[in-house]
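So for the sequence shown, this note's numbering puts the first residue at 6; every next one is plus one. Note that beta-carbon positions come from the ideal geometry of N, C-alpha and C, so glycine has one too.
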Amino acid sequence: MIDQSMFDIASLRARFGPFVCSLAVVSATTFASSALAQEYIVTDRATNRVIALDATTGAFSRLISTSPLLDEPNSVVLGPGGDLLVASLQSNRILRIDPSTGSSSVYLTLDASVAPGTLLYEPNSGDLFVSQFLDVTGGGQTPGSSVFRYNSAGSLVQTFTTEAGPTGRTGMTLDAAGDLYVSAFTADQSGNGIVLKYDASNGYSPLGVFASGAAVPGGAVGFNGLAFDTAGDLFTAALFSQSLVKFDVDAGAVIGQTIHNAPIAYPSGVLAMPDDSLIVTSLGNNNPGDPIYGGFLFPGTILRVDAATGAAQPLLVGDFDHSNTVGGKDFLQWQRSGAVMSDLSDWQAAFGNVSVAGDFQPTSVLYYEPEVVVGGALVPEPAAWLLAAGAAALGLCRRRNVA
């Protein structure tokens, strides 16, 4: 039997040297301040807050907002003026939050019947797309099946209906031509998810089904987050199938489809990065009656997935047991999983790091490069300039968002 006491701080210091003594434990009471490094901004539905994680280590960086206006935040995008736009499911509002100070205000109040799900902001026009997670007309809660387009003045300019089936979860993204893609959780209640395409050059008129879970071997149910990678292939989170689905795209058409990574416990958001990695939010399980995990309850987490191979690892470096904390139990998991020495080095360097303590249901994620104001203009931090200089062709300095 393994003596668990050997993994306390004192024992680990003795076994692995001074690296443990120099570790700084991140405090969960650190509030919003000027950011100094690249971050992932995350909406957490379990605790009604917006947080930032260090983009390199995955460790908790700062608390951006716990505004009382946040009530089940579902989606975050980068909006006008570099502020965050956050969908608050239960309050029928879109909030505007300053990512540096955390100050918040109401950006848009939706119709009383609309409980918002996913957001997509088009920076050239200033248009904001909002999916309807629930229709709460008359105090009820029926699945939503509409997407609303608002102009920069906050006026509703278009409404179009999706085939969302029994639930209004929806992912949205744009391709290089500006065309809109909307995921539908299921197709006409047949079970498999679909992705619909809309023509931006013709007022976002519908172009029909672009991709279908019915074509995936074994099917794929519950399409949610959407993202195109740098090769132009489309990825979607299949929430009920517990997987990430890849649609190979060539000349604007799907030519193949596969389950790219599984299992992932209720994947929700997908973010494609210029280095060909995908950042995927996993909701975990907080339901004792869950049909898949039953009474086994565990917090959500965030994964980094290789877009080419499908290999996945926690965003929090060294968190081999997916607990959102790097500690002694991760060493045991490392021993059981193949014992790669480079992984041990990562664990040693990250020991003590925490991404989120306690309940965590990350619904969406946004890559954020901090900016400073110089002469009235927004200018990236020096680190961002260096990254941009080394990867300008990939557009590394662009922000990308997903819900």
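DSSP three-state assignment for residue i, whether helix, strand or coil
i: Ser350; result: helix
i: Arg67; result: strand
i: Phe336; result: helix
i: Gly87; result: helix
i: Arg341; result: helix
i: Leu75; result: coil
i: Ser287; result: strand
i: Gln318; result: strand
i: Gly218; result: helix
i: Pro387; result: Its pLDDT being 37, under 50, Pro387 is placed unreliably in this model, and the coordinates cannot settle the point.
i: Ala205; result: helix
i: Leu479; result: Residue 479 lies beyond the residue range present for the chain, which begins at 6 and ends at 408; the question has no answer from this structure.
i: Gly381; result: Here the model assigns Gly381 a pLDDT of 37, short of 50, so the residue's position is not dependable and the matter cannot be decided.
i: Ala1; result: The displayed coordinates of the chain run from 6 to 408. Any statement about residue 1 would go beyond what the structure contains.
i: Ala189; result: strand
i: Ala57; result: strand
i: Val25; result: Annotation note: pLDDT 29 at Val25 (below 50); position unreliable, coordinate value reported separately. The answer is coil: DSSP assigns Val25 none of H, G, I, E or B.
i: Gly176; result: coil
Separation of residue j from residue i, as counted between CA atoms
i: Ala192; j: Ser105; result: 40 Å
i: Ser350; j: Ser66; result: 22 Å
i: Asp184; j: Phe240; result: 16 Å
i: Ile307; j: Leu179; result: 23 Å
i: Pro121; j: Ser136; result: 6 Å
i: Ile46; j: Val55; result: 7 Å
i: Ala182; j: Asp280; result: 21 Å
i: Phe365; j: Gly323; result: 18 Å
i: Ile297; j: His265; result: 20 Å
i: Ser369; j: Asp255; result: 28 Å
i: Tyr373; j: Ser151; result: 29 Å
i: Ala57; j: Ser80; result: 14 Å
i: Val259; j: Asp59; result: 35 Å
i: Ala158; j: Asp88; result: 16 Å
i: Ser61; j: His327; result: First, the residue type needs correcting, since residue 61 is Thr and not Ser in the sequence shown. In a straight line, the C-alpha of Thr61 is about 17 Å away from that of His327.
i: Gly213; j: Gln43; result: 38 Å
i: Ile14; j: Pro367; result: Interpretation of Ile14 is limited by its pLDDT of 34, a score under 50 that renders its predicted location unreliable; the figure taken from the coordinates is listed afterwards. Straight-line Cα distance between these residues: approximately 29 Å.
i: Ser188; j: Ala220; result: 15 Å
i: Asp295; j: Gly227; result: 16 Å
i: Asp49; j: Pro78; result: 7 Å
i: Asp103; j: Ala362; result: 24 Å
i: Ala92; j: Ala236; result: 30 Å
i: Thr142; j: Thr164; result: 17 Å
Same chain, Cβ closer than 6 Å to residue i, neighbours up to 5 away in sequence not counted
i: Thr114; result: Arg98
i: Val162; result: Arg154 and Asn156
i: Ser72; result: Ser109
i: Ser32; result: Model confidence at Ser32 stands at a pLDDT of 30, short of 50, so the residue's coordinates are unreliable; what they give is reported in the following sentence. Correct list: empty, nothing qualifies.
i: Asp140; result: Ser118, Thr147 and Gly149
i: Asp116; result: none
i: Pro293; result: Gly300
Within 8 Å, strictly: CB atoms of residue i and residue j
i: Phe325; j: Trp339; result: yes
i: Ser360; j: Gly63; result: yes
i: Asp253; j: Ala312; result: no
i: Leu231; j: Tyr186; result: yes
i: Leu94; j: Val82; result: no
i: Gly305; j: Gly289; result: yes
i: Thr175; j: Thr167; result: yes
i: Ala225; j: Gly261; result: no
i: Met177; j: Leu125; result: yes
i: Phe215; j: Leu201; result: yes
Own chain, CB closer than 8 Å to residue i, minus 5 neighbours either side, in chain order
i: Val111; result: Leu74, Arg98, Ile99, Leu100 and Arg101
i: Ile269; result: Ala242, Gln247, Ser248, Leu249, Val285, Ser287, Leu308 and Ala317
i: Gly400; result: Confidence in Gly400 is poor, its pLDDT being 31 and thus under 50, which makes the residue's placement unreliable; the coordinate value appears in the next sentence. Cβ neighbours of Gly400 beyond the five flanking positions: Pro279.
i: Asp238; result: Lys251, Phe252, Asp253, Val254 and Ala312
Cutoff 8 Å: residue i Cβ touching any chain D Cβ
i: Arg101; result: Protein chain content of the structure displayed is limited to a single chain, and chain D is not contained in it.
Cut-off 7 Å between Cβ atoms - residues of its own chain near residue i, not counting five sequence neighbours on either side
i: Asp348; result: Trp339
i: Ser96; result: Leu74 and Asp76
i: Pro217; result: A small fix is needed here, since residue 217 is Ser in this sequence, not Pro. Correct list, in chain order: Ala192, Asn197 and Ile199.
Residue i beta carbon near the ligand GTP (any heavy atom closer than 7 Å)
i: Gly333; result: Summarising the ligand content, the structure contains no ligands, and the ligand GTP is consequently not present.
Just to confirm the assignment: which complete beta strand (DSSP E) runs, minimum length 3, are found wholly within the segment 134 to 159?
151 to 155
Hey, which unbroken runs of the beta strand (DSSP E) at 3 residues or more fall wholly within the segment 223 to 278?
228 to 233, 239 to 243, 248 to 255, 258 to 266 and 272 to 277
Would you mind listing the beta strand (DSSP E) stretches within the segment 96 to 131 that are 3+ residues and don't spill past its ends, in chain order?
98 to 102, 109 to 114 and 119 to 127
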